[in-house]
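In terms of this note's numbering, the sequence shown opens at residue 10 and continues consecutively. Following: one structure in structure tokens, then a few remarks.
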Amino acid sequence: MADTNTYFSTNLPQRFASDASFQSAVQNVYQFEIEGAGTWHIVPGEGVQEGAHSDPECVVSADKETFDAILDDSSLVMMKFMEGKIAASNMGLAMGLTNFLD
Numbered sequence: 010m011a012d013t014n015t016y017f018s019t020n021l022p023q024r025f026a027s028d029a030s031f032q033s034a035v036q037n038v039y040q041f042e043i044e045g046a047g048t049w050h051i052v053p054g055e056g057v058q059e060g061a062h063s064d065p066e067c068v069v070s071a072d073k074e075t076f077d078a079i080l081d082d083s084s085l086v087m088m089k090f091m092e093g094k095i096a097a098s099n100m101g102l103a104m105g106l107t108n109f110l111d
């Protein structure tokens, strides 16, 4: 089973550092507020950082159990949004969320 903390502290930073196409796909500042796992943000050209960003363009909120589940199966993202288990401040940008999960 996937772990949100490992994903943000290890997996995503490694992917950001090693995958140029992924780096270029990140065009906006995303902040993830995961209850039970903390707050993380992704900045174009800089990567993943722990903590809150001063001006995120899209804030995604969920609890750790929900985020762990979508890390295991990214096809659950839309269902979890519809169930109210995931919220986003900018739905247009949130549609690109699956880019971070694949």
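The beta carbon of each residue, even a glycine, is placed where N, CA and C say it ideally should be.
In the DSSP assignment, Ala97 falls outside any alpha helix (DSSP H) and lies within the beta strand (DSSP E) extending over 95-97. In this model, Glu55 and Val68 are separated by some 17 angstroms (Cα to Cα). Annotated three-state conformation of Val86 is helix, per DSSP. The alpha-carbon separation between Glu66 and Thr48 amounts to approximately 15 angstroms. In this structure, Gly45 keeps its C-beta atom at 8 angstroms or more from the C-beta atom of Asp81.
Beta-bridge analysis with DSSP links Gly47 to Ile43.
Per DSSP, reduced to three states, the secondary structure at Ser63 is coil, with no helix or strand assignment. With respect to the C-alpha of Asn108, the residue from Met88, Glu92, Met91, Asn37 having the closest C-alpha is Asn37.
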